[in-house]
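Enquirer:
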Amino acid sequence: MQTPEEYELSRRGVLVGGAASVATVALVPAVAAGAATAPAATPTTKVSFKVNGADRELDLDTRVSLLDALREHLHLTGTKKGCDHGQCGACTVIVDGRRINSCLTLAVMHDGENITTIEGLGTPDRMHAMQDAFVEHDGYQCGYCTPGQICSAVAVLDEIRAGVPSHVTADLTAAPTVTAAELRERMSGNICRCGAYSNIIDAITGVAGAKA
Amino acid sequence: MKFDTPATTNPIDQMKVVGKPTNRIEGPLKTTGTATYAYEHHDVAANQAYGYVVGAAIAKGRIASMNLADAQAAPGVIAIVTADNAGKLDKGNFNTAKLLGGPAIDHYHQAIALVVAESFEQARAAASLVRVEYSRSKGSYDLAAALDTAITPPTVFGTAADTSVGDFATAFAATPVQLDARYTTPDHTHAMMEPHASIAAWDGDRLTLWTSNQMIAWSVGDMAKTLGIAKENIRLVSPYIGGGFGGKLFVRTDAVLAALGARAAGRPVKVALPRPLMINNTTHRPATIQRIRIGAAADGKITAIGHESWSGDLPGGGPETAVAQTRLLYAGANRMTAMRLAVLDLPEGNAMRAPGEAPGLMALEIAMDEMAEKLGMDPVAFRVLNDTQVDPEKPERPFSQRRLNECLQTGAEKFGWSKRGKPGATRDGRWLVGMGVAAAFRNNLNAKSAARVRLDKSGTVTVETDMTDIGTGSYTIIAQTAAEMMGVPLDKVVVRLGDSSFPVSAGSGGQWGANSSTAGVYAACAKLRDAVVQRLGLASDAVFADGKVKAGKRSFALGEAAAGGELVAEDMMEYGDLAEKFQQSTFGAHFVEVGVDAMTGEIRVRRMLAVCAAGRILNPKAARSQVIGAMTMGAGSALMEELAVDKRFGFFVNHDLAGYEVPVHADIPHQDVIFLEESDPTTSPMKAKGVGELGICGVAAAVANAVHNATGVRVRNYPVTLDKLLDKLPDSV
Numbered sequence: 001m002q003t004p005e006e007y008e009l010s011r012r013g014v015l016v017g018g019a020a021s022v023a024t025v026a027l028v029p030a031v032a033a034g035a036a037t038a039p040a041a042t043p044t045t046k047v048s049f050k051v052n053g054a055d056r057e058l059d060l061d062t063r064v065s066l067l068d069a070l071r072e073h074l075h076l077t078g079t080k081k082g083c084d085h086g087q088c089g090a091c092t093v094i095v096d097g098r099r100i101n102s103c104l105t106l107a108v109m110h111d112g113e114n115i116t117t118i119e120g121l122g123t124p125d126r127m128h129a130m131q132d133a134f135v136e137h138d139g140y141q142c143g144y145c146t147p148g149q150i151c152s153a154v155a156v157l158d159e160i161r162a163g164v165p166s167h168v169t170a171d172l173t174a175a176p177t178v179t180a181a182e183l184r185e186r187m188s189g190n191i192c193r194c195g196a197y198s199n200i201i202d203a204i205t206g207v208a209g210a211k212a
Numbered sequence: 001m002k003f004d005t006p007a008t009t010n011p012i013d014q015m016k017v018v019g020k021p022t023n024r025i026e027g028p029l030k031t032t033g034t035a036t037y038a039y040e041h042h043d044v045a046a047n048q049a050y051g052y053v054v055g056a057a058i059a060k061g062r063i064a065s066m067n068l069a070d071a072q073a074a075p076g077v078i079a080i081v082t083a084d085n086a087g088k089l090d091k092g093n094f095n096t097a098k099l100l101g102g103p104a105i106d107h108y109h110q111a112i113a114l115v116v117a118e119s120f121e122q123a124r125a126a127a128s129l130v131r132v133e134y135s136r137s138k139g140s141y142d143l144a145a146a147l148d149t150a151i152t153p154p155t156v157f158g159t160a161a162d163t164s165v166g167d168f169a170t171a172f173a174a175t176p177v178q179l180d181a182r183y184t185t186p187d188h189t190h191a192m193m194e195p196h197a198s199i200a201a202w203d204g205d206r207l208t209l210w211t212s213n214q215m216i217a218w219s220v221g222d223m224a225k226t227l228g229i230a231k232e233n234i235r236l237v238s239p240y241i242g243g244g245f246g247g248k249l250f251v252r253t254d255a256v257l258a259a260l261g262a263r264a265a266g267r268p269v270k271v272a273l274p275r276p277l278m279i280n281n282t283t284h285r286p287a288t289i290q291r292i293r294i295g296a297a298a299d300g301k302i303t304a305i306g307h308e309s310w311s312g313d314l315p316g317g318g319p320e321t322a323v324a325q326t327r328l329l330y331a332g333a334n335r336m337t338a339m340r341l342a343v344l345d346l347p348e349g350n351a352m353r354a355p356g357e358a359p360g361l362m363a364l365e366i367a368m369d370e371m372a373e374k375l376g377m378d379p380v381a382f383r384v385l386n387d388t389q390v391d392p393e394k395p396e397r398p399f400s401q402r403r404l405n406e407c408l409q410t411g412a413e414k415f416g417w418s419k420r421g422k423p424g425a426t427r428d429g430r431w432l433v434g435m436g437v438a439a440a441f442r443n444n445l446n447a448k449s450a451a452r453v454r455l456d457k458s459g460t461v462t463v464e465t466d467m468t469d470i471g472t473g474s475y476t477i478i479a480q481t482a483a484e485m486m487g488v489p490l491d492k493v494v495v496r497l498g499d500s501s502f503p504v505s506a507g508s509g510g511q512w513g514a515n516s517s518t519a520g521v522y523a524a525c526a527k528l529r530d531a532v533v534q535r536l537g538l539a540s541d542a543v544f545a546d547g548k549v550k551a552g553k554r555s556f557a558l559g560e561a562a563a564g565g566e567l568v569a570e571d572m573m574e575y576g577d578l579a580e581k582f583q584q585s586t587f588g589a590h591f592v593e594v595g596v597d598a599m600t601g602e603i604r605v606r607r608m609l610a611v612c613a614a615g616r617i618l619n620p621k622a623a624r625s626q627v628i629g630a631m632t633m634g635a636g637s638a639l640m641e642e643l644a645v646d647k648r649f650g651f652f653v654n655h656d657l658a659g660y661e662v663p664v665h666a667d668i669p670h671q672d673v674i675f676l677e678e679s680d681p682t683t684s685p686m687k688a689k690g691v692g693e694l695g696i697c698g699v700a701a702a703v704a705n706a707v708h709n710a711t712g713v714r715v716r717n718y719p720v721t722l723d724k725l726l727d728k729l730p731d732s733v
């Protein structure tokens, strides 16, 4: 027999159960009572940056992530939204030479910066060496994580060339080298659920070898 | 075309294009970000608005009240869809729970509203202003606690819940060497990289849906049923799918709510499920509790084998068919299997890559390892000894081909299996090293599949079928099939997939897609060849090769047949009873080496090898990728994947990619795959079978067995994590 107490959410119960149990919808009436009247309009801010070499100027809701600015406002949909909170790497782009998760940063924070997306690395007719290598080694299956993997891979080789150490670099005073272990460590922020990892490492190794 | 007698020699046997490790033809699009996925079709419908889904915050009960006032007043909001205003909705044939809940709630994060606004940010913000009060009711969330209430489910996919051959109980009791063990597998989630997403646009009473879906025709049917409109008024378009693994076999809430949102807003609406909503909102692979009993004579011959499995699902759902492979995999005169189903009020259980076999073999192949150990036999030799060339439940029915032993023996040789030591006996620095083996087994399934092929005067062949490519390589193997049949190079073939205006295919699921969809293309191409020969006035034995058609001394460029207008042929491949006369299955053997840190119990996979016998391999490059991908997912289910159930509030706690861990680069070593050369004339003119699900079958057990070999610790409850090893590790020297 059901007793009301048994199913009443207590503050402690929520904490024990994990905040996730109430994260999406307010269960507690106090929250509803505290809701303010919604503002009448959405403020926007102008932002200018270079995307794949071209100057772009946007007037954006300040909440727009760099990822959504690219996908929804510039229609550069090569950059993918896999999780929208920095857990999967599908949205990886290169900003001023460094790879970042474009979902974890607001577009308006990048005024004046230089952004390279998968579309900027190469096109089907003029593919970047890394894109070519992914095709040759079948370093993808469904293709959804692929642009992020490729942007990450290009930046990883630059990081190693620049001497940036990783968690698995044994000797922090020596220049890191392109080994499978270094690549696996550095690429681990890019999830591929199809499981093309073994082929992706072969593709990156191939490109690194060709450049060396 | 009907396939009812085994294939003889046909144009595919030339293997000029088919069977070659061709790069994927859509590769340049996927690697440059120019392949367009469901949420990305900006140019197909103007003025798209954004929908954001609100999920239920209770697992079971009712919505007591819903206050939309704040949300409606928020900037940019155009419409809010709820069960109150959506009109009458039915439930799809393939859905267990409704895709729009309310007032009754069937599971946590069941969709209860869609907020449509001018922008994504506005829709998301407004969605957080929807005020809901719930009345909770008691639910059942704990499989182990619900075992006593589990019932015998009705027949699943033509297979009864229980089977029995001989006298299992008596035979088992009489065997000198026995195993009776209990195993558990947790709930798993597909976690495909592309969230479920749809764009819906209405033109009068006609709906077009750009979506991410594995089974176009099923989903047209279920959209029609759900919305109560004619199938003819729905078009589904799904050219690229960012992974599915069974999670996109069916219409989900993104599709239904996009359609309802677009109707309410009077303009196109796009909806993607937020990642943290996906795991509880959509389907998952249900947890199982399994009991396996094996009895053998002292020489290792199995005389009794029994496998029981318990799983749970929402009312109206089905069991995880974890005993299915045990009916066919090993010999033994006395056998029993049984499945039981409990009602659980967790999100809907359904198919995930190798449903049934994946969790079933996770248990069975540990049991085989344990049994070999009890018998003092090598686990490869024990499996080889208990091979069967006939269906053990119906000995008059042979396997069409079965080379499991060759897979095991080839793998053992290539992997260096003879170097495997006794449990806990092999050290490499701080690592305890072990090797494990498991058999892989999954049935081949054929499904009827149609295609249309067009020939133009340039000699270009265009294939159209509603088949989908979820990363499996459909585009490429279909192009290879058409190229082989029509005697043209690959670059003269255009493949168009995933559109419900094309002929209905087998779709992608159950590893039936490759053989079935290419067989459909074979049938259509055979018809096109007839049309070409007729148009050119050639004898029917004309040869199609090198872009030409030749008969006797006459030779034409293929395109000449279409000089007076495009030639179009459409056909469907259907199947007779060969799959009943012969048990058609795919086989493999997985070999894994792990290192276990002697101090911390940390487990690292060091080497993986799969040997597969799965009929003709249409494209060894894409097929290998299917297998290594499945091995990766198998390593995940062995070592990390587990949906944690909150048994009080009834939901999966770790509902994102940080909490639900899947393998990353650092978890996976170089992987090797060997395909035994094979072609099976009983499956289709392609003589192929599937590999996409075979690849995951047995992997997890091979990892678990390797951990046992490394440490001497037997873990029967997945995932095999270090906490289950720590207090049992050998004393460190």
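Chains A and B are the protein sequences, given in the same order.
The opening residue of the first sequence carries number 1 in my numbering; numbering runs sequentially from there.
The opening residue of the second sequence carries number 1 in my numbering; numbering runs sequentially from there.
The beta carbon of each residue, even a glycine, is placed where N, CA and C say it ideally should be.
It should be emphasised that the depicted structure is a prediction, and the values quoted were computed from it without experimental measurement.
(1) Figure out for me which residue from A/I191, A/T105 and A/H137 has the closest Cα to the Cα of B/P28.
(2) Check B/R327 in the structure and name its three-state DSSP category.
(3) Can you tell me whether DSSP reads B/Q401 as helix, strand or coil?
(4) Closest to B/R285 by C-alpha separation, out of B/A191, B/R340 and B/M339, would be which residue?
(5) Since B/A69 contacts B/D187 with CB under 8 Å, what's their CB separation in whole angstroms?
(6) Taking A/P147 as the query, report the chain B residues whose CB atoms sit under 9 Å from its CB, ordered along the chain.
(7) At the level of alpha carbons, what is the spacing between B/P489 and B/D203?
(8) Please identify the residue among A/I200, A/I160 and A/D61 whose C-alpha is closest to the C-alpha of A/D132.
(9) Quick check on DSSP: helix, strand or coil for B/A265?
(10) Distance check for B/A181 and B/Q290, CA to CA, integer angstroms please.
(11) Please classify B/N444 as buried or exposed, where buried requires at least 16 neighbouring CB atoms within 10 angstroms.
(12) Please say whether B/Y575 and B/K448 have beta carbons closer to each other than 8 Å?
(13) Determine the chain A residues that contact B/N350 at a beta-carbon separation under 8 Å, and present them in chain order.
(14) If you drop the 5 nearest sequence neighbours on each side, which residues of the same chain put their C-beta closer than 6 Å to that of B/E357?
(15) Closer than 9 Å, Cβ to Cβ, to anything on chain B: give me those residues from the segment 179 to 194 of chain A, in chain order.
(16) If we define contact as Cβ-Cβ less than 8 Å, is A/A175 a contact residue for chain B?
(17) Name, please, each residue of chain B whose Cβ falls closer than 8 Å to the Cβ of A/M109.
(18) For A/N101 and chain B, any beta-carbon pair shorter than 8 Å?
(19) How is the alpha helix (DSSP H) around A/I150 delimited, first residue to last?
(20) Just to confirm, is the Cβ distance from B/V54 to B/A123 under 8 Å?
(21) Using a cut-off of 8 Å between C-beta atoms, extract the partners of B/M765 located in chain A.
(22) Helix, strand or coil, according to DSSP, for B/W202 in the structure here?
(23) From A/C194 to B/M633, what distance separates their C-alpha atoms?
(24) Please report the distance separating the alpha-carbon of B/A48 from that of B/A262.
(25) From what residue to what residue does the beta strand (DSSP E) around A/R99 run?
(26) How about B/V662: is its C-beta nearer than 8 Å to some C-beta of chain A?
(27) Which residue comes first and which comes last in the alpha helix (DSSP H) that contains B/N515?
(28) Going straight from the alpha carbon of B/A524 to that of B/L455, what length do you get?
(29) Relative to chain A, which residues along the segment 113 to 129 of chain B have a C-beta separation below 7 Å, given in chain order?
(30) Report yes if the CB atom of A/C145 is closer than 8 Å to the CB atom of B/M193, and no otherwise.
(31) Would you check if there are 3 or more beta carbon pairs closer than 8 Å linking the segment 183 to 194 of chain A to the segment 159 to 172 of chain A?
(32) Leaving out the 5 sequence neighbours to the left and right, which residues in its chain are closer than 6 Å to B/V237 when beta-carbon positions are compared?
(33) So what's B/L643 in DSSP terms, helix, strand or just coil?
(34) Let me confirm a value: B/K394 is counted as buried when at least 16 other C-beta atoms fall within 10 Å, else exposed. Which label applies?
(35) Where does the unbroken beta strand (DSSP E) through B/Y50 begin, and where does it stop?
(36) Could you tell me which chain B residues have their CB closer than 7 Å to the CB of A/R63, listed as they occur along the chain?
Expert: Quick answer:
(1) A/H137
(2) helix
(3) coil
(4) B/A191
(5) Not a contact, Cβ separation roughly 38 Å.
(6) K30, T31, T32 and G33
(7) 40 Å
(8) A/I200
(9) helix
(10) 8 Å
(11) buried
(12) yes
(13) None at all; the shortest Cβ gap to chain A is about 17 Å.
(14) Q325, R442 and C697
(15) A180, A181, L183, R184, E185, R186, M187, S188, G189, N190, I191, C192, R193 and C194
(16) no
(17) Those within 8 Å of A/M109 in chain B number zero; the least Cβ separation is about 15 Å.
(18) no
(19) T146 to R161
(20) no
(21) Because chain B here runs from 1 to 733, residue 765 of chain B falls outside it and cannot be looked at.
(22) strand
(23) 8 Å
(24) The amino acid at residue 48 of chain B is misidentified as Ala; the sequence shows Gln. About 9 Å.
(25) R98 to N101
(26) yes
(27) G513 to L536
(28) 12 Å
(29) S119, F120, E121, Q122 and L129
(30) yes
(31) yes
(32) W210 and D499
(33) coil
(34) exposed
(35) A49 to G55
(36) E121
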